[in-house]
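2 protein chains.
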Amino acid sequence: MSEVTPVLLDEQLCFSIYSASKKFNHFYQSALAPFKLTYPQYIAMLALWEDAPLTVHQLGQRLELDSGTLTPLLKRLEKQGWVTRMRSRTDERQVMIHLTAMATAKRDEVYQRIGQCQTLLGMSDQEIQALMTDLVAVKNQLDEVSRQRLIDKKVNVQ
Amino acid sequence: MSEVTPVLLDEQLCFSIYSASKKFNHFYQSALAPFKLTYPQYIAMLALWEDAPLTVHQLGQRLELDSGTLTPLLKRLEKQGWVTRMRSRTDERQVMIHLTAMATAKRDEVYQRIGQCQTLLGMSDQEIQALMTDLVAVKNQLDEVSRQRLIDKKVNVQ
DNA sequence: AACAATTAAATTGTATACAATACTATTTGA
DNA sequence: TCAAATAGTATTGTATACAATTTAATTGTT
Numbered sequence: 000m001s002e003v004t005p006v007l008l009d010e011q012l013c014f015s016i017y018s019a020s021k022k023f024n025h026f027y028q029s030a031l032a033p034f035k036l037t038y039p040q041y042i043a044m045l046a047l048w049e050d051a052p053l054t055v056h057q058l059g060q061r062l063e064l065d066s067g068t069l070t071p072l073l074k075r076l077e078k079q080g081w082v083t084r085m086r087s088r089t090d091e092r093q094v095m096i097h098l099t100a101m102a103t104a105k106r107d108e109v110y111q112r113i114g115q116c117q118t119l120l121g122m123s124d125q126e127i128q129a130l131m132t133d134l135v136a137v138k139n140q141l142d143e144v145s146r147q148r149l150i151d152k153k154v155n156v157q
Numbered sequence: 000m001s002e003v004t005p006v007l008l009d010e011q012l013c014f015s016i017y018s019a020s021k022k023f024n025h026f027y028q029s030a031l032a033p034f035k036l037t038y039p040q041y042i043a044m045l046a047l048w049e050d051a052p053l054t055v056h057q058l059g060q061r062l063e064l065d066s067g068t069l070t071p072l073l074k075r076l077e078k079q080g081w082v083t084r085m086r087s088r089t090d091e092r093q094v095m096i097h098l099t100a101m102a103t104a105k106r107d108e109v110y111q112r113i114g115q116c117q118t119l120l121g122m123s124d125q126e127i128q129a130l131m132t133d134l135v136a137v138k139n140q141l142d143e144v145s146r147q148r149l150i151d152k153k154v155n156v157q
């Protein structure tokens, strides 16, 4: 008796975002091919160029990635000469990620290449800003809902 | 002498999208936990509920995924009883993906659960539509730029 | 000081993604 | 017609993601 509204793929915001994310990933990956950086490696480098040195934990908070993803990624970056990983002497649990001289030297070259990519989007800064604001709002709402669900669960358990 | 504009993580549209995509993925994954469907498995089911049967190739075009991703994913869906995979008799190269009776039976239950999730976003249909339109525009632009680059390459080769 | 609780990374296991290659079936062109 | 080209799927190899567990170091408490 009760009609259920069909869920159509093309009407799902999640699918637009999922799909756009993969396309961006691919786009930057090929733009970064001369540097042999993958997209996740690239955003790790962006964070480090802003704030190095960082602990694995700090980098993880910035990128929303855990050690299960970051540890192997950082080992690959180390192997390719972008970073060094060294245990903190004041707290042996922590691993500090430092930039190498090569990473510092190549920074502006990467900045320049990516800066060009941004303009290729053909969007004004205002348009990009507006889109980003919406996306952040969606993210925050998802966090909020997840948080409430978690509390509901806890309440139910008691 | 020439100043290079720094590339700041928080100003990158790609990072907003990447980050929102992961969050959506996680959000739906937990909403779908009762059905033991991952997010990519779920969108495959959405496409199949709309149009089954589909060949692997057709499904790949719909989801923008290739056989390297879909073959193992579909094998897992088959193992869990959602789909069957059978070689087409008219063209033995093709593998047709059919829904099982269980998949058809559970469709509305999934539709209902996901329909509820949409409302949790607290956005109007207009807002969601506007955001999706922007995202599609970004995707198209990325495709366009990639296409031009490809042509440039070919021209350069000649 | 002793020891439980906590924290930080690494590891393990599962599931995407995707480039590149392989394999088979079909189609096409000389 | 039959060999070359093409098409559809599967496989291999590399790189994320992330939950869950493990290990080691630090902190808090008594």
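Top line first, the protein sequences correspond to chains A and B. Sequential numbering of the first sequence, starting at 0, is according to numbering that gives the first Met the number 0. Sequential numbering of the second sequence, starting at 0, is according to numbering that gives the first Met the number 0. Where is the CB? At the ideal position from N, CA and C, for every residue including glycine. A quick note: this is a predicted structure, and the numbers were derived from the prediction, not measured.
Under 7 Å between beta-carbons, which chain B residues line up against A:M101? List them in chain order, please.
What A:M101 touches in chain B: nothing, since even the nearest Cβ is about 17 Å away.
Partners in chain B for A:A46, counting only beta-carbon separations shorter than 9 Å
Those within 9 Å of A:A46 in chain B are L8.
What residue range does the beta strand (DSSP E) around B:R88 cover?
Run containing B:R88: none; DSSP gives neither H nor E here.
Closest Cβ-Cβ distance between A:Q140 and chain B: below 9 Å?
At least one C-beta of chain B is nearer than 9 Å to the C-beta of A:Q140.
C-alpha distance - B:R106 paired with B:F23, whole-angstrom precision
If I take the Cα positions, the gap works out to 21 Å.
Going by C-alpha to C-alpha distance, which of A:P5, A:T83, A:E77 sits closest to B:L47?
Put simply, of A:P5, A:T83, A:E77 the residue whose alpha carbon is nearest the alpha carbon of B:L47 is A:P5.
Which of helix, strand or coil DSSP assigns to B:M95
Note: B:M95 maps to strand in three-state DSSP.
First and last residue of the alpha helix (DSSP H) that includes A:L12?
First-last of the alpha helix (DSSP H) with A:L12: 12-30.
Tell whether a beta-carbon distance below 9 Å holds between A:L36 and B:A19.
Cβ atoms of A:L36 and B:A19: not closer than 9 Å.
Selection of the segment 111-128 of chain B by Cβ proximity to chain A, strictly under 7 Å:
Under the 7 Å Cβ criterion, the segment 111-128 of chain B contributes Q111, I113, G114, L119, L120, G121, I127.
Taking A:P52 as the query, report the chain B residues whose CB atoms sit under 7 Å from its CB, ordered along the chain.
Annotation: A:P52 has no Cβ neighbours in chain B at a cutoff of 7 Å; minimum Cβ distance is about 16 Å.
Quick check: is the beta carbon of B:F34 nearer than 9 Å to any beta carbon in chain A?
With respect to chain A, the C-beta atom of B:F34 has no partner C-beta closer than 9 Å.
Around the C-beta of B:K138, are 16 or more other C-beta atoms found within 10 angstroms, so that it is buried, or is it exposed?
Note on B:K138: 16 or more other CB atoms within 10 angstroms of its CB, so buried under the neighbour-count rule.
Ranges of the alpha helix (DSSP H) found wholly within the segment 96-139 of chain B, counting only runs of at least 4:
Listed in chain order, the complete alpha helix (DSSP H) runs (minimum 4 residues) inside the segment 96-139 of chain B are 100-119.
Is there a Cβ of chain A sitting closer than 9 Å to that of B:D65, yes or no?
Interface flag for B:D65 against chain A is unset, since no Cβ pair is found closer than 9 Å.
Chain-ordered neighbours of B:P19 on chain A, where CB pairs are closer than 7 Å
Here residue 19 of chain B turns out to be Ala, not Pro, going by the sequence shown. Simply I16, L134, V137, K138.
Output the distance between the C-alpha atoms of B:Q157 and B:Q140, rounded to the nearest integer angstrom.
Reliability of the predicted coordinates at B:Q157 is poor, the pLDDT of 26 falling under 50, and no value is obtained from them.
Who are the neighbours of A:L130 on chain B, taking C-beta pairs under 7 Å?
Chain B residues near A:L130: L12, D133.
Determine whether the beta carbon atoms of A:I113 and A:A51 lie at a separation below 9 Å.
When the beta-carbon positions are compared, A:I113 and A:A51 stay at least 9 Å from each other.
With a cut-off of 9 Å, does the C-beta of A:E49 fall near any C-beta of chain B?
With respect to chain B, the C-beta atom of A:E49 has a partner C-beta closer than 9 Å.
Does any residue of chain A bring its CB to less than 9 Å from the CB of B:H56?
Chain A has no Cβ within less than 9 Å of the Cβ of B:H56.
Taking Cβ-Cβ distances shorter than 8 Å, what residues in chain B pair up with A:T4?
Here the neighbours are Y110, G114.
On a CA-only basis, which of B:T54, B:L72, B:D124 is nearest B:G80? Give me that one, please.
Nearest option by C-alpha distance: B:L72.
Is the beta carbon of A:Q111 sitting closer than 9 Å to the one on B:V3?
Going by C-beta atoms, A:Q111 is nearer than 9 Å to B:V3.
With a threshold of 16 other CB atoms inside 10 Å of the CB of A:R146, please say whether the residue is buried or exposed.
A:R146 should be labelled exposed.
Looking only at its chain, what residues have a beta carbon closer than 8 Å to the beta carbon of B:S87, apart from the 5 residues adjacent to it on each side?
T54, Q93, V94, M95.
How many angstroms separate the CA atom of B:D9 from the CA atom of B:Q40?
Roughly 31 Å separates the two Cα atoms.
From the DSSP output, which residues share a beta bridge with B:L53?
Paired residues: B:I96.
B:M85: buried (16+ other C-beta within 10 angstroms of its C-beta) or exposed?
So B:M85 ends up on the exposed side.
Could you tell me which of B:L7, B:E77, B:Q11, B:F26 sits nearest to B:Q115, measuring between CA atoms?
For the residues B:L7, B:E77, B:Q11, B:F26, the minimum Cα distance to B:Q115 belongs to B:F26.
For A:I42, collect the residues of the same chain with a Cβ closer than 7 Å to its Cβ; drop the 5 residues on either side in sequence, then sort them by chain order.
Same-chain partners within the cutoff: L62.
Since B:I42 meets chain A, which of its residues come closer than 7 Å, beta carbon to beta carbon?
Ordered by position in chain A, the residues that pass the 7 Å Cβ test against B:I42 are L8, F14.
CB contact check: A:V94 to chain B, cutoff 9 Å:
Chain B, which has no Cβ nearer than 9 Å to the Cβ of A:V94, makes this no.
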